[in-house]
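*Asks:* Below is one structure. I have some questions about it.
In our numbering, the protein residues as written are 15 to 463.
In structure tokens, the structure reads:
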């Protein structure tokens with residue numbers, strides 16, 4: 015098996031992270047670091063920190079020079095970071111020592127790598143957001159179409175009370191909606207430039223350190239933290255937490271889809287079903303299973319990443335290296351899940367007949383709560399609950415349905431509404447429609463803007 019399923023020749027199509035995968039290649043990282051170096055030089059040239067002619071030469075070289083990422087392997091192995099090798103190779107390719115000497119002026123490796131990471135995470139967020147928006151629109155359509163389609167709600171894996179399929183879908187979508195609303199603030203507060211020098215003091219950049227950082231942030235389209243965050247990994251942790259929570263929200267959808275396609279339930283079908291190598295009858299919910307697996311993997315990686323926040327002193331190599339091992343996998347896993355969820359959501363088809371049969375199963379005892387509240391109008395609540403519990407036990411023992419037993423003992427009740435699942439949906443239809451409406455309004459706003 016390949017070291018990563020995301021770029022595996024065998025598993026890559028299944029766990030495909032889409033365009034996000036291109037952001038976590040050696041070439042993409044090299045280009046991003048060079049872009050940061052070029053922007054740094056431009057800001058310093060404009061502020062007079064380095065000669066403007068040198069800044070322009072560096073800027074041209076960043077566009078023209080095509081460094082082979084493989085050439086950084088040996089020096090990275092020696093130095094533990096790729097930036098020294100990158101700078102040496104870039105200066106050599108410039109073939110202009112009078113200008114090349116000003117490359118990386120006053121910066122440190124972490125400044126370049128953190129800034130380059132933020133550039134790539136910005137693109138990753140945009141790409142994943144597009145997938146989320148498409149999924150939300152599909153889910154909104156399902157929620158609206160099936161707002162009043164009754165089905166069993168399940169708690170602890172057992173029938174609880176009726177709900178609607180539209181409300182179930184809305185539950186999946188609401189989690190995605192909330193994550194989408196977080197993005198503007200997340201981008202503003204976490205996609206940060208890093209420029210604070212060797213030990214976070216910007217000593218080599220003084221007295222124009224703050225101006226240089228601000229100009230560099232503007233040039234790269236990142237936020238200026240107005241401080242050093244070398245050893246404060248909160249921005250990275252918050253971004254990865256967002257990716258993980260997306261992964262978990264999609265994993266929840268996968269869990270429900272997996273359960274609803276199980277033999278004996280079959281309340282939905284999925285067009286993504288995979289086949290078995292030996293059992294012709296199998297229709298395996300492979301995409302739903304992938305969402306579950308990716309959520310579990312992301313959670314495990316996030317646990318490791320949390321430890322990277324425990325930085326010793328002004329920079330901690332071991333903690334920083336932990337990010338390198340975890341961050342790409344978390345983002346790629348989330349991107350893969352977002353792509354899979356978009357495909358999966360478009361294939362979900364409810365099976366109303368099977369839902370109705372499930373509601374009628376177990377002698378109609380899914381309506382026990384409604385019956386107990388109806389009896390509470392004439393009996394004390396504890397007595398009403400005890401009475402219905404006794405009737406349920408009798409139903410289980412004799413096979414008689416709950417309604418007939420209730421009609422026997424309480425002939426004056428209006429049983430049609432009590433045992434009609436459509437009448438017992440509570441707020442489920444309204445919740446489904448409310449979710450659908452706000453997603454539709456988002457789409458309308460996008461169209462007019």
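A virtual CB, placed ideally from N, CA and C, is assigned to each residue, including glycine.
Using 10 angstroms around the beta-carbon of residue 343, count the other beta-carbons present and answer buried if the total reaches 16, otherwise exposed.
*Replies:* buried
*Asks:* Relative to the C-alpha of residue 107, which residue among 429, 80 and 219 is closest?
*Replies:* 80
*Asks:* How close, in whole Å, do the beta carbons of residue 5 and residue 206 come, if the pair is a contact with beta carbons under 8 Å?
*Replies:* No statement about residue 5 is possible, as the shown extent of the chain runs from 15 to 463 and does not include it.
*Asks:* Verify the CB distance criterion: does residue 200 have a CB-CB separation below 8 Å to chain D?
*Replies:* In summary, chain D is missing from the structure at hand, where a single protein chain is found.
*Asks:* Tell me where the alpha helix (DSSP H) around residue 249 begins and ends.
*Replies:* 248 to 274
*Asks:* How long is the line joining the alpha carbons of residue 296 and residue 277, rounded to whole angstroms?
*Replies:* Here the model assigns residue 296 a pLDDT of 48, short of 50, so the residue's position is not dependable, and the following value carries that caveat. So the two alpha carbons sit approximately 10 Å from each other.
*Asks:* Buried or exposed: residue 101, going by 16 or more other Cβ atoms within 10 Å of its Cβ?
*Replies:* buried
*Asks:* List the endpoints of the continuous beta strand (DSSP E) containing residue 178.
*Replies:* 172 to 178
*Asks:* With respect to the alpha helix (DSSP H) encompassing residue 132, which residues constitute its N-terminal and C-terminal limits?
*Replies:* 123 to 159
*Asks:* In the structure shown, what three-state DSSP assignment does residue 167 receive?
*Replies:* DSSP places residue 167 in strand when its eight states are reduced to three.
*Asks:* Between the Cα of residue 312 and the Cα atoms of 325, 284, 331 and 347, which residue gives the shortest distance?
*Replies:* 347
*Asks:* Taking 8 Å as the cut-off, decide whether the C-beta atoms of residue 38 and residue 29 are in contact.
*Replies:* no
*Asks:* Can you tell me which of the three DSSP states residue 31 falls into?
*Replies:* coil
*Asks:* Three Cβ pairs or more, each shorter than 8 Å: is that satisfied between the stretch 312 to 323 and the stretch 251 to 268?
*Replies:* yes
*Asks:* Per DSSP, what kind of secondary structure is residue 206 in: helix, strand or coil?
*Replies:* The answer is strand: DSSP assigns residue 206 an E or B state.
*Asks:* Opposite residue 418 in the DSSP bridges: which residues?
*Replies:* DSSP lists no partner for residue 418.
*Asks:* Using the Cβ count rule (16 or more neighbours within 10 Å means buried), how would you classify residue 354?
*Replies:* buried
*Asks:* Which whole-angstrom value is the C-beta distance of residue 389 and residue 176, which I expect to be below 8 Å?
*Replies:* Not a contact, Cβ separation roughly 18 Å.
*Asks:* Rounded to whole angstroms, what is the Cα-Cα separation between residue 153 and residue 304?
*Replies:* 19 Å
*Asks:* List in chain order: all unbroken beta strand (DSSP E) runs of 3+ residues lying wholly within the stretch 53 to 82.
*Replies:* Whole beta strand (DSSP E) segments, 3+ residues: zero.
*Asks:* Please classify residue 396: does DSSP put it in a helix, a strand, or coil?
*Replies:* DSSP places residue 396 in helix when its eight states are reduced to three.
*Asks:* Starting from the Cα of residue 142, find the closest Cα among 383, 345, 171 and 409 and give me that residue.
*Replies:* 345
*Asks:* Looking at the secondary structure, which residues open and close the alpha helix (DSSP H) in which residue 338 lies?
*Replies:* That run of the alpha helix (DSSP H) goes 331 to 359.
*Asks:* Considering only the alpha carbon of each residue, which of 458, 84 and 123 lies closest to residue 330?
*Replies:* 123
*Asks:* Taking only three categories from DSSP, how would you classify residue 362?
*Replies:* coil
*Asks:* Given a cut-off of 8 Å on the beta-carbon distance, is the pair residue 41 and residue 83 in contact?
*Replies:* yes
*Asks:* Return helix, strand or coil for residue 237, following the three-state DSSP convention.
*Replies:* strand
*Asks:* Taking 8 Å as the cut-off, does the stretch 229 to 241 touch the stretch 267 to 275 (at least 3 CB pairs, one atom from each stretch)?
*Replies:* no
*Asks:* Count the other CB atoms, across all protein chains shown, that sit within 10 Å of the CB of residue 436; report buried if there are 16 or more and exposed otherwise.
*Replies:* exposed
*Asks:* Give the straight-line distance between the Cα atoms of residue 163 and residue 133, rounded to the nearest whole angstrom.
*Replies:* 45 Å
*Asks:* Do residue 283 and residue 407 have their C-beta atoms within less than 8 Å of each other?
*Replies:* In this structure, residue 407 does not lie closer than 8 Å to residue 283 by Cβ.
*Asks:* Quick one: measure Cβ to Cβ for residue 243 and residue 193, integer angstroms, because I've assumed they're closer than 8 Å.
*Replies:* Contact annotation, residue 243 with residue 193: C-beta distance approximately 24 Å; criterion of less than 8 Å not satisfied.
*Asks:* Does the Cβ of residue 306 have 16 or more other Cβ atoms within 10 Å, making it buried, or fewer, making it exposed?
*Replies:* Around the CB of residue 306, 16 or more other CB atoms lie within 10 Å, so the residue is classed as buried.
*Asks:* Quick check on residue 289: buried or exposed, where buried means 16 or more other Cβ atoms within 10 Å of its Cβ?
*Replies:* Unreliable placement is indicated for residue 289, whose pLDDT of 46 sits below 50; the coordinate value is still reported in the next sentence. Exposed, because fewer than 16 other Cβ atoms sit within 10 Å of the Cβ of residue 289.
*Asks:* Can you round the beta-carbon distance between residue 165 and residue 254 to whole angstroms, since I take them to be within the 8 Å contact cut?
*Replies:* Contact doesn't hold; Cβ gap of about 35 Å is too wide.
*Asks:* For residue 126 versus residue 43, is the C-beta spacing smaller than 8 Å?
*Replies:* no
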